[in-house]
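Engineer:
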Amino acid sequence: MRSLLALLLAGLLAAAAPARAATEITFYYPIAVGGPLTKVIDGLARDFEKEHPGIKVNPIYAGNYDDARIKALAALKAGQPAQISVLYSIDLYELLEQDVILPWDDIAATADDRAWLKAFYPSLMMNGIYKGKVYGIPFQRSTIVLYWNKDAFKEAGLDPEKAPANWKEMAQMAAKLVKKDASGNVARWGVMVPSTGYPYWMFQAFARQNGHDLMNPEGNRTNYAHADVIAALQYWRDLGAKHKVMPEGTVEWGTLRQQFTEGKTAMMWHTTGNLTAVKSTAKFPFGVAMLPASKQRGSPTGGGNFYLFKKTTPEERKASLAFVKWMTTPERAADWSIATGYVAVRPEAYETAKLKEYAAGFPQAVVARDQFKYATAELSTFQTGRVRKLLDDAIQASLTGQKTPAAALKEAQAEAERLLKPYR
Amino acid sequence: MKHVYGWLLLTPAAILLVGFTHYPAAATLFDSLFSSGTVVRPSRFVGLGNYAALADDPIFWQVLGNNLWFALGTIPTSMAIAMLMALWVNDRLPARALVRMAYFTPTVLPMIAVANLWLFFYTPQIGLLDQIGAMFGMASHNWLGDPNTVLACTMAMVVWKEAGFFMIFYLAALQSLAPELEEAAKMEGASRWYFFRRVTFPLLMPTTLFVLVNATINSFKLVDHLFILTKGGPDNASSLLLYYIYQVAFSFFDSAYASTLTVVLLALLAGLAVVQFQLIERRVHYR
């Protein structure tokens, strides 16, 4: 009798074992279903499963960053599985406040795991670290660079291989690059910096170049009204209002790339994410350079990080760690950078043969990497949506001449103080 | 027994109506009395606190003002154009079907596609508007980047999109008018303008009321274009109430304040509908 029972138990255990072996990870990824990148991600997931037979990865394509965050949070609330997600790097404080994410340090058990946490560019980690713990692993990241039209430079008598190195040079060169038609209307502007969509992001570059970050690492203080920050906004406004090298009012983010490739502006500041598109549509030779300096060079980073959700079993956490580590190996980071135009997130990736070869043929691709040593975190605080919009509105109000930079930024700072006080 | 039978017939519709219309409305009202909660700071009862915050919110007043201008700018224009177009294509003219279709085309396009199209009309220098202007030697204008023109630009686009839709209703109404009326008027020697003013226009009143109610609702409901064109900017100059609600709910994660704004929007629309039906219905001749 007893042996029969033992046999039965053994059978049950054997039956249960394979069920336990397959750990499933549901992975929310911010891209529209059917987009070209879904194939890349699907392929990566299948390759990972082949190398790790015990783990199954289900990518869920969830639209843009906002949609993905809303869907992942809704899934967690409803008790649906969601172990990891690529979400906006600046969602960190929101996710912390919702208490849904875990630091990767907590599951990084081996020395190898801990070394991996330090393998990325430090400037890409700024948006992912809170109180010394790593919550966001950089994956698809971008930064702002200056694109310039070499033909226009030649035409204006400038050295076509030399981009402006500082603010003064940029204003002077832009003045030479402005071209007017017979009736005195501008046919080509000197420079354009987009001020719709993500004005705060562009402004972070100006502020950083003038020596300042716009928030503290704890995400509970902003620095909108410092004299140097006000001076930075004044310079941006002056490009249009005083130097007349940029259109007055706001410059549309969505159409700027076309304006550049149509030759309507000789220089533009834009995300590295546009590099591939500019490369394929521009009919003239173009250069990519680091943004000009005032007191120093500077640009914020942007893009998406891997987050690990709290509602996970130890096995799922282990499997998630294995997957994210696998996704960010130097080889894969290099492939991903070439396929998408995002920057490779760790230095070793640029040492791989394929990225070296790619960069040799297309040197514009490594400018973003070189700029990393001057880069800073993207604006992100508690109450981040509101705090960010205060700055967006202040920037647009001064670029359109409705308020002075000082008045607009001081108002925004006062309101941000009110919002952030409870978080100190 | 008859009652039970009647109620049973009503039940499916009633469940849907309660589940998807009345319950959400009531829940929104309820939510507007609480603060937004996170796991760290749970939601608590704040009474009318959210409404007090709303009264102090300059952006709310700005977007409400924008929305009223938007309504004033789009409703009469699109209705007048719709009526004109309907009168025009109701006549016998060559290629009538083609003209009707041309007028109706903007309606079948999704708003997002329309906005993407118009984004390139308004783009300084390379945009259609500036290229036409350049032919007459006009300077390029930053249409969407200037707070003084941005709202008018979005209004022009919405009129373009809406007028064709309203035209269909007017066209249907015109075709149901008895031809004897026109013959009689002709025999009496009435001018075309007199006939329109005293016969056609009054007979179109039921359609006008219907279109007016729809146009009013649409002027508060149509915000898709803002996602593409301006994101409400510059500095909220083109933002509308519903878009602001979206921002508060999904960018600021302040569901309580978003509920408060929604209650205000609902009250506003309900109020407008009541006024429209009460005042105007008296002047409408139904046959």
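Protein sequence lines correspond, in order, to chains A and B.
Heads up, the first sequence is in the working numbering, so the first residue is 1 and it goes up one at a time.
Heads up, the second sequence is in the working numbering, so the first residue is 1001 and it goes up one at a time.
For every residue, glycine included, the Cβ atom is placed at its ideal position computed from N, Cα and C.
For a contact defined as C-beta to C-beta under 7 Å, what are the partners of residue 1137 (chain B) on chain A?
Structural biologist: Sequence index remark: in the second sequence, residue 1137 (chain B) carries index 137 (1-based). Those within 7 Å of residue 1137 (chain B) in chain A are 183.
Engineer: Using a Cβ-Cβ cut-off of 8 Å (strictly less than) and excluding sequence neighbours within five positions of residue 284 (chain A), which residues of its own chain qualify?
Structural biologist: For the purposes of this step, residue 284 (chain A) is identified with residue 284 of the first sequence, where counting begins at 1. Excluding residues within five positions, the ones whose Cβ falls inside 8 Å are 149, 150, 151, 152, 263.
Engineer: By DSSP, does residue 339 (chain A) sit in helix, in strand, or in coil?
Structural biologist: Here residue 339 (chain A) is taken as the residue at index 339 of the first sequence, counted from 1. Helix at residue 339 (chain A).
Engineer: Indicate the three-state DSSP secondary structure (helix, strand or coil) for residue 325 (chain A) in the structure shown.
Structural biologist: Position 325 of the first sequence, counted from the start, is the residue given in the question as residue 325 (chain A). Three-state DSSP puts residue 325 (chain A) in a helix.
Engineer: Between the alpha carbons of residue 109 (chain A) and residue 84 (chain A), how many angstroms are there, rounded?
Structural biologist: Translated into positions along the first sequence, residue 109 (chain A) becomes position 109. Translated into positions along the first sequence, residue 84 (chain A) becomes position 84. So the two alpha carbons sit approximately 18 Å from each other.
Engineer: Given that a residue counts as buried once 16 or more other Cβ atoms are within 10 Å of its Cβ, and exposed if not, what is residue 1137 (chain B)?
Structural biologist: The sequence position of residue 1137 (chain B) within the second sequence is 137, counting from 1. So residue 1137 (chain B) ends up on the exposed side.
Engineer: Assign residue 200 (chain A) to one of three DSSP states: helix, strand, or coil.
Structural biologist: Within the first sequence, the letter at position 200 stands for residue 200 (chain A). Here residue 200 (chain A) sits in helix by DSSP.
Engineer: Identify whether residue 1138 (chain B) lies in helix, strand or coil by the three-state DSSP scheme.
Structural biologist: As a position in the second sequence, residue 1138 (chain B) is number 138, starting the count at 1. Coil.
Engineer: Starting from residue 405 (chain A), follow the alpha helix (DSSP H) in both directions and report where the run begins and ends.
Structural biologist: Translated into the one-based positions of the first sequence, residue 405 (chain A) becomes position 405. Run containing residue 405 (chain A): 405–420, per the alpha helix (DSSP H) assignment.
Engineer: Where does residue 1201 (chain B) fall in DSSP's three states?
Structural biologist: Residue mapping note: residue 1201 (chain B) aligns to position 201 of the second sequence, counting from 1. Three-state DSSP puts residue 1201 (chain B) in a helix.
Engineer: Tell me the DSSP bridge mates of residue 1234 (chain B)?
Structural biologist: Along the second sequence, read from residue 1 onward, the residue named residue 1234 (chain B) stands at position 234. Partner(s): none; residue 1234 (chain B) has no beta bridge.
Engineer: With a threshold of 8 Å on Cβ separation, who are the neighbours of residue 1104 (chain B) within its own chain once the five nearest residues in sequence on each side are excluded?
Structural biologist: The residue labelled residue 1104 (chain B) in the question sits at position 104 within the second sequence. Only 1164, 1165, 1167, 1168 meet the Cβ criterion.
Engineer: Would you call the stretch 373–389 of chain A and the stretch 115–131 of chain A touching, i.e. three or more CB-CB distances under 8 Å?
Structural biologist: yes
Engineer: In the DSSP assignment, the alpha helix (DSSP H) including residue 148 (chain A) goes from what residue to what residue?
Structural biologist: On the first sequence, residue 148 (chain A) is found 148 positions in, with the first residue counted as 1. Counting along the chain, residue 148 (chain A) sits inside no alpha helix (DSSP H); it lies in the beta strand (DSSP E) bounded by residues 137–149.
Engineer: Examine chain B for any beta-carbon lying closer than 8 Å to the beta-carbon of residue 252 (chain A), and answer yes or no.
Structural biologist: The count along the first sequence starts at 1 and reaches residue 252 (chain A) at position 252. Chain B, which has a Cβ nearer than 8 Å to the Cβ of residue 252 (chain A), makes this yes.
Engineer: Tell me the DSSP secondary structure of residue 1126 (chain B) in three-state form.
Structural biologist: Start at 1 with the first residue of the second sequence, and residue 1126 (chain B) comes out as number 126. DSSP places residue 1126 (chain B) in coil when its eight states are reduced to three.
Engineer: Quick one: does residue 1123 (chain B) have its CB under 8 Å from some CB of chain A?
Structural biologist: Along the second sequence, read from residue 1 onward, the residue named residue 1123 (chain B) stands at position 123. It does; some Cβ of chain A falls within 8 Å.
Engineer: Express the C-alpha separation of residue 306 (chain A) and residue 74 (chain A) in angstroms, rounding to a whole number.
Structural biologist: For the purposes of this step, residue 74 (chain A) is taken as the residue at position 74 of the first sequence. For the purposes of this step, residue 306 (chain A) is taken as the residue at position 306 of the first sequence. Cα-Cα distance, rounded: 18 Å.
Engineer: State yes or no: is the C-beta of residue 1106 (chain B) within less than 8 Å of the C-beta of residue 1114 (chain B)?
Structural biologist: Walking along the second sequence from the start, residue 1106 (chain B) turns up at place 106. Walking along the second sequence from the start, residue 1114 (chain B) turns up at place 114. Contact check for residue 1106 (chain B) against residue 1114 (chain B) passes: the beta carbons are separated by less than 8 Å.
Engineer: Within 8 Å of any Cβ in chain B, is that where the Cβ of residue 213 (chain A) sits?
Structural biologist: In the first sequence, the residue the question calls residue 213 (chain A) occupies position 213. Not an interface residue.
Engineer: List, in chain order, every chain B residue whose beta-carbon is nearer than 8 Å to that of residue 247 (chain A).
Structural biologist: The residue labelled residue 247 (chain A) in the question sits at position 247 within the first sequence. Neighbours of residue 247 (chain A) on chain B, chain order: 1124, 1140, 1142, 1145.
Engineer: Is it buried or exposed, residue 183 (chain A), if we count other Cβ atoms within 10 angstroms and call 16 or more buried?
Structural biologist: Mapped onto the first sequence, residue 183 (chain A) falls at position 183. Exposed, because fewer than 16 other Cβ atoms sit within 10 Å of the Cβ of residue 183 (chain A).
Engineer: For residue 382 (chain A), name the three-state secondary structure that DSSP assigns.
Structural biologist: Residue numbering aside, residue 382 (chain A) sits at position 382 when the first sequence is read from its first letter. In the displayed model, residue 382 (chain A) falls within coil according to three-state DSSP, outside both helix and strand.
Engineer: Mapping the DSSP letters down to three states, classify residue 260 (chain A) as helix, strand or coil.
Structural biologist: Sequence index remark: in the first sequence, residue 260 (chain A) carries index 260 (1-based). In the three-state reduction of the DSSP assignment, residue 260 (chain A) falls in the helix class, which pools H, G and I.
Engineer: Under the three-state reduction of DSSP, which class applies to residue 218 (chain A): helix, strand or coil?
Structural biologist: Taking the first residue of the first sequence as 1, we reach residue 218 (chain A) at position 218. Collapsing the DSSP output to three states places residue 218 (chain A) in coil.
Engineer: Between residue 197 (chain A) and chain B, is any beta-carbon pair separated by less than 8 Å?
Structural biologist: Along the first sequence, one-based indexing puts residue 197 (chain A) at 197. For residue 197 (chain A), the answer is yes, since a Cβ of chain B falls inside 8 Å of its Cβ.
Engineer: Nearest by alpha-carbon distance to residue 1199 (chain B): which of B:1009, B:1182, B:1018 is it?
Structural biologist: Within the second sequence, numbered from 1, the residue matching residue 1199 (chain B) stands at position 199. Closest by alpha carbon: B:1182.
Engineer: I need the straight-line Cα distance from residue 226 (chain A) to residue 235 (chain A), nearest angstrom please.
Structural biologist: Residue mapping note: residue 226 (chain A) aligns to position 226 of the first sequence, counting from 1. Residue mapping note: residue 235 (chain A) aligns to position 235 of the first sequence, counting from 1. Approximately 14 Å, taken between the alpha carbons.
Engineer: Does residue 1226 (chain B) have its Cβ less than 8 Å from a Cβ in chain A?
Structural biologist: Numbered from 1 along the second sequence, position 226 holds the residue referred to as residue 1226 (chain B). Output row for residue 1226 (chain B): interface = no.
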